[in-house]
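Undergrad: Under this note's numbering, the very last position in the sequence shown is 232; numbers go up by exactly one each time. So that we are looking at the same thing, I have put the structure below in structure tokens.
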Amino acid sequence: MLLNNRLNDCSIQQPLALKNCQMKNVLFIVFAFAIPVALLSQVTKQTLPQLNKTNVKQVIAAMSVEQKAKLVTGMGMILPGPTANNDKKKSIWTNKRTEREECKNVVYSVPCGDCGIRYIGETGQHFSERRSQHQRDVKNRKKTNGFYCHIRENKGHKIDWDKALFLDYEKNWKRRKIKEAIYINAINPTNTMNKKDILNLEKGYELDAVWSEFNEVHRLGITRKMG
Ligand SMILES: [Zn+2]
């Protein structure tokens, strides 16, 4: 149900339409996985004349971690390192609390100060506003809030909002949702949520399985961003 609500701007609200929605809204050169075909050819240095779902999956599965990283940055996702992509978006790479408060359109990550398990979320609002909403949910003991559930189940644990960091920047709502889901999936690749790995209660946007091929790249990225 929640998924359908999230997709309420898609014309057909049926599971089969999910991938089409992803394609349409991601705005990459569209193919079944929202990966730009030209970029894929460039990274693999192959021409891919007869693309179909199966051979693209095979091509991606056979790529090196470095190639996958190139593809990820080429798709506008942020990986640490001196790339043009990062320079353009480095304004979100801030540790200054005052600057961080004002950032919006970000995918963020916040840890429990006691066990280090992180929550991954996205917001189009200023980060400070989203944080206040979470804090209100915790105060109101909202059972749908991942932070509250963690604190309830782990007495004495406190969320360390000062250690919040931004994983990515994205103005487009749908693409931000997809990015959030990609990071959540990297930390928690299984269908069920593992409370020892992540504070989120659900996986978010339904992703095609091909994105799991990039999990190693994203996990590496998250670790580096945590510095
Ligand atoms: Zn904890």
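For every residue, glycine included, the Cβ atom is placed at its ideal position computed from N, Cα and C.
(1) Checking 8 Å against the spacing of the C-beta atoms, do leucine 170 and serine 114 come in under that value?
(2) Look at the Cβ atom of aspartate 165, then the Cβ atom of cysteine 117, and state whether they are nearer than 8 Å.
(3) Using only the heavy atoms of ligand 1, determine whether one of them is closer than 7 Å to the beta carbon of asparagine 220.
(4) For glutamate 71 and valine 48, what's the separation of their Cα atoms in angstroms?
(5) Here's the rule: buried if 16 or more other CB atoms are within 10 angstroms of the residue's CB, otherwise exposed. What is cysteine 108?
(6) Which partner residues of arginine 123 appear in the DSSP bridge assignment?
(7) Would you mind giving the Cβ-Cβ distance between valine 112 and glutamate 134, rounded to the nearest angstrom? I have them listed as a contact below 8 Å.
(8) Count the other C-beta atoms from every protein chain shown that fall within 10 angstroms of the C-beta of glutamate 221, then say buried if there are 16 or more, exposed otherwise.
(9) Below 8 Å on the Cβ atoms is my contact criterion, and I expect valine 215 with isoleucine 65 to pass it. Report the Cβ-Cβ distance as a whole number of Å.
(10) Please work out which residues of its chain come closer than 6 Å, Cβ to Cβ, to isoleucine 156, disregarding the five sequence neighbours upstream and downstream, and give them in chain order.
(11) DSSP state of valine 31, grouped into three classes?
(12) Kindly provide the chain-ordered list of residues whose Cβ lies closer than 5 Å to any non-hydrogen atom of ligand 1.
(13) What distance in whole Å lies between the Cβ atoms of phenylalanine 152 and serine 124, which are believed to be in contact at a cut-off of 8 Å?
(14) Counting C-beta neighbours from all protein chains within 10 Å, is the total for alanine 43 16 or more, i.e. buried, or is it exposed?
(15) Would you report the Cα separation of histidine 139 and asparagine 150, rounded to the nearest angstrom?
(16) On a CA-only basis, which of Thr59, Arg136, Met82, Arg229 is nearest isoleucine 187? Give me that one, please.
(17) Leaving out five residues before and five after asparagine 199 in sequence, what residues of the same chain have Cβ atoms less than 7 Å from its Cβ?
(18) What residue range is occupied by the uninterrupted beta strand (DSSP E) comprising tyrosine 174?
(19) What is the C-beta distance between glutamate 106 and histidine 131, in whole angstroms, given that I count them as a contact (C-beta under 8 Å)?
(20) For lysine 147, which residues of its own chain have a beta-carbon under 6 Å away from its beta-carbon, when the five flanking residues on both sides are left out?
(21) Using DSSP's beta-bridge definition, name the partner residues of valine 111.
(22) State the Cα-Cα distance for the pair leucine 45 and lysine 160, rounded to the nearest angstrom.
(23) If I follow the unbroken alpha helix (DSSP H) through threonine 49, where does it start and stop?
(24) Tell me the residue span of the alpha helix (DSSP H) that contains arginine 146.
TA: Result, derived from the coordinates:
(1) As a working mapping, residue 170 is identified with position 165 in the sequence shown. As a working mapping, residue 114 is identified with position 109 in the sequence shown. Yes, they are a contact pair.
(2) What you label residue 165 is simply residue 160 of the sequence shown in a count that begins at 1. What you label residue 117 is simply residue 112 of the sequence shown in a count that begins at 1. Taking the C-beta atoms as reference points, cysteine 117 is found nearer than 8 Å to aspartate 165.
(3) Taking the first residue of the sequence shown as 1, we reach residue 220 at position 215. Between ligand 1 and asparagine 220, a heavy atom-to-CB distance of less than 7 Å is absent.
(4) As a first step, residue 71 must be located in the sequence shown, where it is residue number 66. As a first step, residue 48 must be located in the sequence shown, where it is residue number 43. If you draw a straight line from the Cα of glutamate 71 to the Cα of valine 48, it is about 10 Å long.
(5) Residue mapping note: residue 108 aligns to position 103 of the sequence shown, counting from 1. With 16 or more Cβ atoms within 10 Å of its Cβ, cysteine 108 is classed as buried.
(6) Taking the first residue of the sequence shown as 1, we reach residue 123 at position 118. Pro116, Ile203, per the DSSP bridge assignment.
(7) As a first step, residue 112 must be located in the sequence shown, where it is residue number 107. As a first step, residue 134 must be located in the sequence shown, where it is residue number 129. 16 Å between Cβ atoms; not a contact.
(8) For this step, residue 221 is matched to residue 216 along the sequence shown. Glutamate 221 comes out exposed.
(9) Working through the sequence shown from its first residue, we reach residue 215 at position 210. Working through the sequence shown from its first residue, we reach residue 65 at position 60. Correct: roughly 6 Å between the Cβ atoms.
(10) The residue given as residue 156 occupies position 151 in the sequence shown. Excluding the 5 residues flanking it on each side, isoleucine 156 has same chain C-beta neighbours closer than 6 Å at His162, in chain order.
(11) The count along the sequence shown starts at 1 and reaches residue 31 at position 26. Any answer about valine 31 is weak, because its pLDDT of 32 lies below 50 and its placement is not dependable; what the coordinates show is given next. Of the three classes helix, strand and coil, the one that applies to valine 31 here is helix, per DSSP.
(12) Per the Cβ criterion, the list is Cys117, Asp119, Cys120, Asn159, His162.
(13) The sequence position of residue 124 within the sequence shown is 119, counting from 1. The sequence position of residue 152 within the sequence shown is 147, counting from 1. Note that residue 124 corresponds to tyrosine in the displayed sequence, not to serine. Contact between tyrosine 124 and phenylalanine 152 holds, with the beta-carbon distance rounding to 6 Å and staying under 8 Å.
(14) The residue given as residue 43 occupies position 38 in the sequence shown. By the 10 Å Cβ count, alanine 43 comes out exposed.
(15) Position 134 of the sequence shown holds residue 139. Position 145 of the sequence shown holds residue 150. Cα to Cα, the separation comes out at about 7 Å.
(16) Here residue 187 is taken as the residue at index 182 of the sequence shown, counted from 1. Checking every option, the nearest Cα to that of isoleucine 187 belongs to Met82.
(17) As a position in the sequence shown, residue 199 is number 194, starting the count at 1. When the five nearest sequence neighbours on each side are left out, the beta carbons in the same chain lying within less than 7 Å of the beta carbon of asparagine 199 are those of Asn193, in order along the chain.
(18) The count along the sequence shown starts at 1 and reaches residue 174 at position 169. Taken as a continuous stretch (DSSP letters only), the beta strand (DSSP E) holding tyrosine 174 covers 170-174.
(19) What you label residue 106 is simply residue 101 of the sequence shown in a count that begins at 1. What you label residue 131 is simply residue 126 of the sequence shown in a count that begins at 1. For a cut-off of 8 Å, the C-beta gap from glutamate 106 to histidine 131 is around 7 Å, short enough to register as a contact.
(20) Along the sequence shown, one-based indexing puts residue 147 at 142. Non-local beta-carbon contacts of lysine 147 in its own chain, meaning distances under 6 Å to residues more than five positions away in sequence, involve Tyr153 in chain order.
(21) Against the sequence shown, residue 111 aligns to sequence position 106. Paired residues: Thr128, Tyr174.
(22) Against the sequence shown, residue 45 aligns to sequence position 40. Against the sequence shown, residue 160 aligns to sequence position 155. Taking the straight line from one Cα to the other gives about 48 Å.
(23) As a position in the sequence shown, residue 49 is number 44, starting the count at 1. Note, threonine 49: alpha helix (DSSP H), 42-49.
(24) As a working mapping, residue 146 is identified with position 141 in the sequence shown. Segment: none, arginine 146 is in no alpha helix (DSSP H) and carries neither H nor E.
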